[in-house]
Amino acid sequence: MTRHLITSAIPYINGIKHLGNLVGSQLPADLYARYQRGRGHEVLFLCATDEHGTPAELAAAKAGKPVAEYCREMHAIQAEIAKGFGLSFDHFGRSSSPQNHRLTQHFAGRLAEAGLIGEVSEKQVYSNADGRFLPDRYIEGTCPNCGYDKARGDQCENCTKQLDPTDLIEPRSAISGSTDLEVRETKHLYLRQSGLKDQLDAWIDGKTDWPILTTSIAKKWLHDGDGLQDRGITRDLDWGIPVKKGDDDWPGMEGKVFYVWFDAPIEYIACAGEWAEATGRADAEWERWWRTDKGAQDVRYTQFMGKDNVPFHTLSFPATLIGSGEPWKMVDYIKSFNYLNYDGGQFSTSQGRGVFMDQALEILPADYWRWWLLSHAPESSDSEFTWENFQASVNKDLADVLGNFVSRITKFCRSKFGEAVPDGGAYGAQEEVLIADLQARLRRYETCMEAMEVRKSAQELRAIWVAGNEYLQSAAPWATVKEDPERAAAQVRMGLNLIRFYAVISAPFIPTASARMLSAMNTLETDWPTDVDAALRALPGGHAFTVPDVLFAKITDEQREDWQTRFSGTRD
RNA sequence: GGGCCUGUAGCUCAAUUGGUUAGAGCAGAGCGCUCAUAACGCUUUGGUUGGGGGUUCGAGUCCCUCCGGGCCUACCA
Numbered sequence: 074m075t076r077h078l079i080t081s082a083i084p085y086i087n088g089i090k091h092l093g094n095l096v097g098s099q100l101p102a103d104l105y106a107r108y109q110r111g112r113g114h115e116v117l118f119l120c121a122t123d124e125h126g127t128p129a130e131l132a133a134a135k136a137g138k139p140v141a142e143y144c145r146e147m148h149a150i151q152a153e154i155a156k157g158f159g160l161s162f163d164h165f166g167r168s169s170s171p172q173n174h175r176l177t178q179h180f181a182g183r184l185a186e187a188g189l190i191g192e193v194s195e196k197q198v199y200s201n202a203d204g205r206f207l208p209d210r211y212i213e214g215t216c217p218n219c220g221y222d223k224a225r226g227d228q229c230e231n232c233t234k235q236l237d238p239t240d241l242i243e244p245r246s247a248i249s250g251s252t253d254l255e256v257r258e259t260k261h262l263y264l265r266q267s268g269l270k271d272q273l274d275a276w277i278d279g280k281t282d283w284p285i286l287t288t289s290i291a292k293k294w295l296h297d298g299d300g301l302q303d304r305g306i307t308r309d310l311d312w313g314i315p316v317k318k319g320d321d322d323w324p325g326m327e328g329k330v331f332y333v334w335f336d337a338p339i340e341y342i343a344c345a346g347e348w349a350e351a352t353g354r355a356d357a358e359w360e361r362w363w364r365t366d367k368g369a370q371d372v373r374y375t376q377f378m379g380k381d382n383v384p385f386h387t388l389s390f391p392a393t394l395i396g397s398g399e400p401w402k403m404v405d406y407i408k409s410f411n412y413l414n415y416d417g418g419q420f421s422t423s424q425g426r427g428v429f430m431d432q433a434l435e436i437l438p439a440d441y442w443r444w445w446l447l448s449h450a451p452e453s454s455d456s457e458f459t460w461e462n463f464q465a466s467v468n469k470d471l472a473d474v475l476g477n478f479v480s481r482i483t484k485f486c487r488s489k490f491g492e493a494v495p496d497g498g499a500y501g502a503q504e505e506v507l508i509a510d511l512q513a514r515l516r517r518y519e520t521c522m523e524a525m526e527v528r529k530s531a532q533e534l535r536a537i538w539v540a541g542n543e544y545l546q547s548a549a550p551w552a553t554v555k556e557d558p559e560r561a562a563a564q565v566r567m568g569l570n571l572i573r574f575y576a577v578i579s580a581p582f583i584p585t586a587s588a589r590m591l592s593a594m595n596t597l598e599t600d601w602p603t604d605v606d607a608a609l610r611a612l613p614g615g616h617a618f619t620v621p622d623v624l625f626a627k628i629t630d631e632q633r634e635d636w637q638t639r640f641s642g643t644r645d
């Protein structure tokens, strides 16, 4: 038995995430976690909200609430929605937790002792009206290159030229519009990751089985230009983890906090501590997942994330762990995703474009979304959501192929044999062929799931569902029942057992429907069907069941058009 | 500007890493079945693999070039 530590990139706190965010990290991570649990492995699946940084402060101000209160509320909302989507986190933590405060300060202290922290004095733009330093992209002005009047301090969106905030003509705060800006001297800590370049390089070089998307981004950062650059890990903000050297104050760093990207990955570890606390476990219980000197040597750690997160997970976070000189568990596999686009453009949180998680659940159950998103996951390139494609896939795959299979066999049994698995007859040659076929198909499905080939796994699963319809078609119990009731009994018994079999293996994709199938089949037997022959005899003759309601209602053209219109604009 | 990814059937995607005649699902066409959510099964139409050039016995795959889409480029996260 392997122990699987699984983390999803932690979603940012400022608002409800859209379907693109979901499919890029949390959902595939949940698929993998559910699958590994289903296979009988010990799994610790962690996620959290990422709560620090400028956007959180601004979002709270906009909502007219103290940041801490805003974050607490948004965390509760995100947790509720995650639950609605069936995301089976063992713990959904917060990067603002006391555990993360302690650990982040601890790592900073260790890195400082190792000589990997440098102090750099730099000039930054301060807005008197806003009472805060402004990150480059929060400064707007006229582009010196093309004259565009809404150029940002980091880059002009119009001519794509990279800029420095001081290049802008008539610079103003993007927050308040104030032009009362000044350049101030401020001191910050830098992580000297350049000093760890060779170790990181060797580590990445050893990851030959990682997605190209993951390693190519890492290598680009390692080798581009002068190579890996040191990175600022502190900011002049109020909300965040105070800069400390372990438990000690950091002279000269008073009033400053750690940069959100320094503390966010550390939350993966802190979250395990939160999980232990929340479930009444001792510290040793979470340490055996994270410390290779305390039992984590046999842990396999997999991270899931969108491509924009890759540099931090392949370079700065590993640099933090390596630089600490302590035996922390390093990631074994990084599964990264491209982006999901919405109907010809990008999903956008800031512009409110696309379908957001709460809206999705308002119109359809989670399984519909889970199935479509996972079977179209942007693995090899960006992929696109369209309502037509969504309607077609859901109706065909879920309603027609799987849902109707459950419906046809349970209703046929009820009318000919009553609501119990028919007794009598025995599996014959036809059933042996089916079992052999399913055994082979299940192996392929397992292989794809182990490899985290999400779309391919969905295809294999669908083919297994189709095999049930093929069997029924050729067995034709509606015909055999007239001449050979014993034979028909065996065929129907097979059909009903297939429902239970499907429920078990489909649970990682569509957990709610799977639970309903199991409930209809009146069984708690959910062991992974390693032996397909035995699995298809689990429900014996005489076992009572009920005919479930329609498993998946079809999406009508009217609904589709309605939603198309409703989601064509932008959200407040 | 630089780096990376990507372009395959009307649509969404494959193709054992250079190896026979480029495959699936959906949509379309035909047939079958009547248990079922007008569902299911079988058969079938559909491709100058974005354009052009090159390497090779052999190219969707490698090289060059042009065209299109996307991401990243270190102070958003």
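Take 74 as the starting number for the first sequence in our numbering and just add one per residue.
Here a beta-carbon is modelled for each residue, glycine too, at the ideal position from N, C-alpha and C.
For residue i, which of the options has the nearest alpha-carbon?
i      : options                           : result
LYS655 : ALA552, VAL140 and GLU258         : In the structure displayed, the chain extends from 74 to 645; residue 655 sits before or after that span and is not available.
ILE650 : LYS555, ARG535 and THR177         : The requested residue 650 is not part of the displayed model; the chain covers only 74 to 645.
LEU545 : LYS469, MET567 and GLU533         : MET567
SER488 : SER466, GLY497 and PRO550         : PRO550
LYS402 : THR375, THR393, ALA369 and ASN414 : ALA369
ASP381 : ASN411, ASP356 and ILE407         : ASN411
ASN462 : TRP276, ASP240, GLN637 and ILE572 : GLN637
THR483 : VAL330, ARG573 and GLU153         : ARG573
LEU273 : GLY379, HIS296 and GLU598         : HIS296
LEU310 : GLU153, LEU100 and LEU207         : LEU207
ALA345 : LEU117, ASN94 and PHE625          : LEU117
ILE436 : ALA524, GLN632 and ILE583         : GLN632
TRP444 : ASP371, SER530 and ASP405         : SER530
Which of helix, strand or coil does DSSP assign to residue i?
i      : result
LYS138 : coil
SER423 : coil
TRP401 : strand
TYR500 : coil
LEU269 : helix
ASN414 : strand
HIS114 : coil
LEU264 : strand
ILE150 : helix
CYS120 : strand
THR375 : strand
LEU534 : helix
LEU189 : coil
ASP321 : strand
GLN302 : coil
Measuring straight from C-alpha to C-alpha, what distance separates residue i and residue j?
i      : j      : result
ARG354 : ARG76  : 18 Å
VAL620 : VAL96  : 33 Å
MET147 : ALA155 : 12 Å
ASP366 : ALA509 : 45 Å
ASP455 : GLU327 : 44 Å
SER98  : ALA493 : 42 Å
TYR518 : SER194 : 55 Å
THR520 : ASP303 : 40 Å
VAL507 : GLU533 : Reading the sequence as shown, one finds Leu at residue 507 and not Val. Between LEU507 and GLU533, the C-alpha separation is close to 15 Å.
LYS649 : ARG308 : Residue 649 falls outside the range modelled here, since the chain spans only 74 to 645, and no answer is possible.
ILE79  : ASP299 : 34 Å
SER161 : ASN468 : 26 Å
LYS627 : GLY427 : 22 Å
PHE335 : ILE306 : 6 Å
PHE458 : ALA106 : 25 Å
GLY379 : GLN503 : 46 Å
HIS91  : MET430 : 5 Å
PRO613 : GLY497 : 10 Å
ALA617 : ALA351 : 40 Å
Around the C-beta of residue i, are 16 or more other C-beta atoms found within 10 angstroms, so that it is buried, or is it exposed?
i      : result
ARG639 : exposed
ALA141 : exposed
SER35  : Because the chain here runs from 74 to 645, residue 35 falls outside it and cannot be looked at.
LYS318 : buried
LEU634 : The amino acid occupying residue 634 in the given sequence is Glu; Leu does not appear at that position. Flag for GLU634 reads exposed.
ILE395 : buried
MET594 : buried
Is it a yes or a no for the segment 112-125 touching the segment 84-98, going by three-plus beta-carbon pairs under 8 Å?
-> A contact is defined here as three or more CB-CB pairs under 8 Å, and the segment 112-125 meets this definition with respect to the segment 84-98.
Is the segment 214-231 close to the segment 261-278, with three or more CB pairs under 8 Å?
-> Result no; under three Cβ-Cβ pairs closer than 8 Å.
Three or more C-beta pairs below 8 Å linking the segment 108-119 and the segment 564-582 | The segment 108-119 is in contact with the segment 564-582.
Any 3 or more C-beta pairs closer than 8 Å across the segment 418-425 and the segment 378-388 | Contact fails: fewer than three Cβ-Cβ distances are below 8 Å.
Are the segment 155-174 and the segment 209-221 touching by the rule of at least three beta carbon pairs closer than 8 Å?
-> No: the two stretches stay apart, fewer than three of their Cβ pairs being nearer than 8 Å.
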